[in-house]
Each structure stands twice: as structure tokens, then as C-alpha cells.
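**Student:**
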Amino acid sequence: MSYFPDPVDRRNEWFRYYSEKRVTHQWLQVNLLKDLKNVHSVLEIGPYLGLVSSLLHNAGFNVTTLDYQPSQYPHPDIKLIQKDLLDASPAEIQGFDCIICCETLEHFFWDDVDKLLEKFYLSKAPWVVISVPYQGFQIDLSLYLNRYKLRNSFSMKNFKFLKKFCFDSKADPYGHKWEVGYKKRSVKMLEAKIRRAGFSIETREFTSACRSIFFVLKNNGV
0 MSYFPDPVDR
10 RNEWFRYYSE
20 KRVTHQWLQV
30 NLLKDLKNVH
40 SVLEIGPYLG
50 LVSSLLHNAG
60 FNVTTLDYQP
70 SQYPHPDIKL
80 IQKDLLDASP
90 AEIQGFDCII
100 CCETLEHFFW
110 DDVDKLLEKF
120 YLSKAPWVVI
130 SVPYQGFQID
140 LSLYLNRYKL
150 RNSFSMKNFK
160 FLKKFCFDSK
170 ADPYGHKWEV
180 GYKKRSVKML
190 EAKIRRAGFS
200 IETREFTSAC
210 RSIFFVLKNN
220 GV
């Protein structure tokens, strides 16, 4: 993703990125922390424009972010670790009650996901929240009606498991490298990686219309 030094460009990107369908996704990242015990400090990986950072801060969490780019939401109470996640050591991401890494893992190669999950495990964070795009079979139907307004939508995802996810690393080196639901990228395969890294899956959740699968992970080594 791009860095926006110009305030007008950043505002335009804010409205584009945080669309109506995506805002629920941002809210869920914070809401999943609601029932986790003794979570006060949070490391958010890949904050982009900082909406989740601001929500976490407003909810009373001590927030630190990690990104390879400068902060796009500079705040005196929110620290930044400016580093590529692959280059960060477990020691550099230690000391947090929870790590949030949502819509970020898919930007790395599939084989690198094991290394990143192991890094989260070695950080000794008791809790980790992750999410990635989900393209498995699903139907999303909604209807709103009153005397002035009719609003409806329908979408269905199917047969993606027969297709290989395609990406062009030269044209978009920071784009998605994989998505769950495509050929050889099943939920079962991702969950196997999670368990091999040393986590147990406490919660599995899905969002629509921004289609993603969320996991709340408990670190079995703590």
C-alpha cells in the first residue's frame, strides 16, 4: 500500500478504503478483544491509515504499531516500530498482551506464513488476532425497506477452490499473494499452520460484505 504525505490525498484514500462494507471489519478487530482477560497492551501490525489504532486507543488500550512505512496516523500516545515484519525479531515484538495482524499475512508468500506465526508464538504474547481474505463458498443476502428507501444486495462465492490464486509480484509486489478458499489454500491448511506454530484456536469468525476469516489464537507456550 502507498504512503500519503499530502493530507488531501490521505483523506481521499481514507474515504475510499474505509468504505461502508469495510468499517464493520475494522470494528470486529477491536471487538474480538472484549472478552480476552488481562489485555491492556496491543501491538497492531499493518495499521495502514490508523482507524483500528484510533479505535483501540479510544477504547483504552496501550497501542503500538508495526509497519515498514512511516505512521499515517501519528499520535503522541501510539508508538511505531518502523520495520518489515519479516525482518523483526521475536524480541522486538515482545511485551504485549495481544498482537493484532489483520489483512496482512496474505501480503507475504504462503511459505513465509509459518515463519511469521512462529515469530508471534516466540514473542510470548498470550493472545494473537489474525484475519485474511476468505473466498470459500458463501452467500451474503441483505434487505432494508421502509416507505422511503429500498436497499438490497446479494453476492455468492463458489468454486474458487478449483482455481489457483493468481498474482503478479512485479506489477504489485505488495499485493495479495494468496487468499483462503482458492486451490490449495483451504481453511484447514491455514489452521494446520496455526496449530503447528503452537497456538490453539479460541474463536473463528467471518465478516461480510468485506469477506474475511478471523481467528483469536491462544499462545500455548505462555
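Counting in numbering that gives the first Met the number 0, the sequence shown tops out at residue 221, every number present.
Heads up, the beta-carbon is just placed ideally off N, CA and C, and yes, glycines get one too.
Taking L54 and V38 to be in contact with their CB atoms under 8 Å, please state how far apart those CB atoms are, rounded to whole angstroms.
**Tutor:** So it is not a contact: roughly 14 Å between Cβ atoms.
**Student:** Just to confirm my understanding: we take M155, look at its own chain, exclude 5 residues before and 5 after, and list those with CB closer than 6 Å. What are they?
**Tutor:** I138
**Student:** Cα separation between Y67 and I44?
**Tutor:** 10 Å
**Student:** Exposed or buried, which one is Q25 when buried takes at least 16 other CB atoms within 10 Å?
**Tutor:** buried
**Student:** In terms of residue numbering, what span does the beta strand (DSSP E) encompassing W126 cover?
**Tutor:** 126-132
**Student:** By how many angstroms is the C-alpha of S52 removed from the C-alpha of V62?
**Tutor:** Computed Cα separation, rounded: 7 Å.
**Student:** For C101, which beta-bridge partners are listed by DSSP?
**Tutor:** S130
**Student:** Can you tell me which of the three DSSP states S40 falls into?
**Tutor:** Assignment of S40 by DSSP, reduced to helix, strand and coil, places it in the strand class.
**Student:** Please list the terminal residues of the continuous beta strand (DSSP E) segment that includes K78.
**Tutor:** 78-81
**Student:** Please list the terminal residues of the continuous alpha helix (DSSP H) segment that includes R10.
**Tutor:** R10 -> alpha helix (DSSP H) spans 6-16.
**Student:** Quick one: what's D250 bridged to in DSSP?
**Tutor:** Nothing about residue 250 can be reported from this structure: the residues present for the chain run from 0 to 221 only.
**Student:** According to DSSP, simplified to helix, strand and coil, what is F164?
**Tutor:** coil
**Student:** What residue range is occupied by the uninterrupted beta strand (DSSP E) comprising I193?
**Tutor:** From DSSP, I193 is part of no beta strand (DSSP E) but of the alpha helix (DSSP H) over 186-195.
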